[in-house]
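Here is the structure we will look at, set down as structure tokens.
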Amino acid sequence: MPAHRAYVCRSKVQKLSNEQEQKNQDVCAILLAFNSPNICAAAKEHDVSYHTLRWRFLGLTQPYNKAHAAQQILSPESESVLVDWIKHLSAIGHPLSKQTIQIKVAVLCGSKPGSKWIRGFLVCHPDITLGKPSALDLQHCQSFNHTVVKHHFELLKKVIEEKEIPWENIYNMDEKGCQHGGGQKTSPEKYFVPHGRYPKYKAHSSNLELVTIIECVCADGTNLLPGFMFSGNEFFHVLRHFAQFTFSLAMSPTGWTDHDIFEHWFTTVFVPEAEKCHVDPNKPIMLMLNGHNSHERRELKSKHCNGLWSHCIIIIAFPLKTMHKLQPLDVGVFSSVQCQWSKHYDEHLAHGVCIDCFNFIPKYLTTCHAITPSLVQKAFSKPGIYPLNLTIFH
């Protein structure tokens with residue numbers, strides 16, 4: 061009798077991970093197709109526990125969430141709706157916190173859940189996690205909406221299919237600001253410090269002088285050499301020996317690009333390099349970029365109409381203030397480059413080497429190894445550009 065009571069207690073609940081539970085359910089579905097199912101052979105073939113599979117198949121035990129359904133604050137259907145709502149609020153820039161989700165759940169069920177419920181909710185839904193979102197301007201949140209994104213993807217699909225543009229001919233270009241001092245954001249890396257000594261410090265440069273970097277990547281995983289724009293009106297003499305390289309050098313009073321600088325990069329760097337790497341001379345080249353007015357130049361259109369370029373080049377601008385979600389460089393490349401640049405600067409600062417306009421270019425080029433083919437391909441995949449996924453943000 062005691063043995064039987066022990067068996068009953070054990071058979072009430074079998075807590076497995078979501079993957080293990082789904083695997084057992086799939087094997088049970090296979091066994092139902094046989095008149096005389098061999099549970100032992102199926103357990104060995106699919107690498108699952110024989111006893112768990114047998115109890116699930118005979119209905120002696122239930123999945124953890126079903127066994128405790130009567131004790132749950134929310135029904136499975138309500139939890140599913142809550143998960144979808146959490147994902148939606150996160151996508152539009154208004155995620156829920158621990159406090160706000162308790163209020164939402166209290167409205168649904170009439171009682172406020174505790175901290176244990178939040179931990180259990182996260183365990184049951186591994187696709188939801190707690191994190192620290194980055195700050196985002198309200199206009200960016202409002203601009204990224206279903207209508208705008210749908211129109212952008214429909215236009216992109218139409219152009220690619222009608223012009224039969226190969227993915228090796230699709231590029232994304234954007235500018236990135238890079239400070240001599242490595243940036244003001246603190247590095248997530250941890251360091252050894254004496255226990256109990258406060259405060260703790262780490263040397264950091266206060267040089268906020270900005271250099272604008274032009275990066276351009278291709279959907280096949282390759283990238284072009286960067287372009288550099290320094291603040292000022294005249295070239296430093298030390299920069300002149302870099303003119304022999306294929307990257308673009310420019311000076312501007314503000315340190316940012318303007319019409320002339322973009323035209324210089326486009327005609328001297330992008331067009332020759334893109335035409336050199338094209339896979340089909342009969343197919344056009346596509347360049348995707350943000351819609352800033354510095355990227356619009358009538359002279360570029362006239363040069364194209366006069367046949368100064370051997371290939372058709374199509375320029376598509378992302379919708380206004382949606383680059384944080386739609387542009388591959390913003391989604392998956394610039395953050396890795398910035399992290400690598402900050403680490404590189406910290407290593408030089410530890411050896412007493414300060415980075416300035418005279419050594420910035422060679423130091424930055426040593427960090428370009430962070431832009432790997434796999435990183436670029438993932439950056440095009442996340443916003444649904446390659447492979448093309450029109451429903452990725454639904």
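The opening position of the sequence shown corresponds to residue 61 in my numbering, with each subsequent residue numbered one higher. For every residue, glycine included, the Cβ atom is placed at its ideal position computed from N, Cα and C. Predicted model, so just to flag it, every value in this text is computed and none were measured.
Asked                                                                                                                                                                           : Found
Go ahead and pull the three-state DSSP assignment for Leu-168.                                                                                                                  : helix
Give, in chain order, every unbroken run of the beta strand (DSSP E) that is at least 3 residues long and sits entirely within the segment 197–245.                             : 230–239
Alpha carbon to alpha carbon, what distance is there between Ala-334 and Trp-325?                                                                                               : 12 angstroms
Taking the alpha helix (DSSP H) that Gly-292 falls in, what are its first and last residues?                                                                                    : No alpha helix (DSSP H) holds Gly-292; DSSP gives it neither H nor E.
Count the other C-beta atoms from every protein chain shown that fall within 10 angstroms of the C-beta of Gly-392, then say buried if there are 16 or more, exposed otherwise. : buried
Pick from Met-346, Lys-403, Leu-347: whose alpha carbon is nearest that of Ser-265?                                                                                             : Lys-403
With the cut-off set at 7 angstroms, would you say Asn-350 and Met-311 are in Cβ contact?                                                                                       : no
Let me know if Asp-197 comes out buried or exposed under the rule of 16 or more other beta-carbons within 10 Å of its beta-carbon.                                              : exposed
Could you tell me if Ile-345 is buried or exposed, where buried requires 16 or more neighbouring beta carbons within 10 angstroms of its beta carbon?                           : buried
Relative to the C-alpha of Tyr-54, which candidate in Leu-268, Gln-85, Val-436, Gly-174 has its C-alpha closest?                                                                : Summary: the structure shown does not reach residue 54, with the chain confined to residues 61 through 454, and so no result is reported for it.
Straight-line CA distance for His-429 to Cys-276?                                                                                                                               : 14 angstroms
Let's see if you can read the secondary structure: which residues bound the beta strand (DSSP E) around Val-393?                                                                : Neither: Val-393 is in no beta strand (DSSP E) and is coded neither H nor E.
When you compare each of Leu-448, Tyr-261, Leu-149, Leu-270 to Ala-279 by their alpha carbons, which one comes out closest?                                                     : Leu-448
How many angstroms separate the CA atom of Val-339 from the CA atom of Lys-438?                                                                                                 : 21 angstroms
From Phe-213 to Thr-160, what does the alpha carbon distance come to, in whole angstroms?                                                                                       : 34 angstroms
For Gly-287, which beta-bridge partners are listed by DSSP?                                                                                                                     : Ile-274
Assign Asn-353 to one of two classes, buried (16 or more other C-beta atoms within 10 Å of its C-beta) or exposed (fewer than that).                                            : exposed
Compare the C-beta of Pro-226 with all C-beta atoms of chain B and state if any pair is closer than 7 angstroms.                                                                : Absent from the structure is chain B; it holds one protein chain and no more.
Check whether the segment 161–177 touches the segment 116–127, taking contact to mean three or more Cβ pairs, one atom from each stretch, closer than 8 angstroms.              : no
Between which residues of its own chain and Pro-155 is the CB-CB distance below 8 angstroms, once the five residues before and five after are set aside?                        : Ile-146, Leu-149, Pro-193
Which residues does DSSP pair with Met-311 in a beta bridge?                                                                                                                    : Phe-290
The alpha helix (DSSP H) that contains Leu-120, what's its start and end?                                                                                                       : Here Leu-120 belongs to no alpha helix (DSSP H), and DSSP marks it neither H nor E.
Alpha carbon to alpha carbon, what distance is there between Tyr-258 and Val-271?                                                                                               : 35 angstroms
Distance check for Ala-130 and Gln-398, CA to CA, integer angstroms please.                                                                                                     : 50 angstroms
Among the residues of its own chain, which have a CB less than 6 angstroms from the CB of Ile-375, if the five just before and after it don't count?                            : Leu-347
I need the boundaries of the alpha helix (DSSP H) containing Leu-149, first residue and last residue.                                                                           : 136–151
Where do the N-terminal and C-terminal ends of the beta strand (DSSP E) with Leu-14 fall, by residue?                                                                           : Since the first and last residues shown for the chain are 61 and 454, residue 14 lies out of range.
Please state the DSSP three-state secondary structure of Ile-90.                                                                                                                : helix
Please say whether Leu-386 and Phe-394 have beta carbons closer to each other than 7 angstroms?                                                                                 : no
Using the rule of at least 16 other Cβ atoms within 10 Å of the residue's Cβ for burial, across every protein chain shown, is Asp-144 buried or exposed?                        : exposed
By a C-beta neighbour count over all protein chains shown, 10 Å radius and 16 as the cutoff for buried, is Phe-330 buried or exposed?                                           : buried
Express the C-alpha separation of Val-209 and Val-381 in angstroms, rounding to a whole number.                                                                                 : Note that residue 381 is Lys in the sequence shown here, rather than Val. Taking the straight line from one Cα to the other gives about 11 angstroms.
Using the beta-carbon count (16 or more within 10 Å), is Arg-116 buried or exposed?                                                                                             : buried
Ala-377 lies in the alpha helix (DSSP H); which residues open and close that run?                                                                                               : Careful: Ala-377 lies outside any alpha helix (DSSP H), inside the beta strand (DSSP E) at 373–377.
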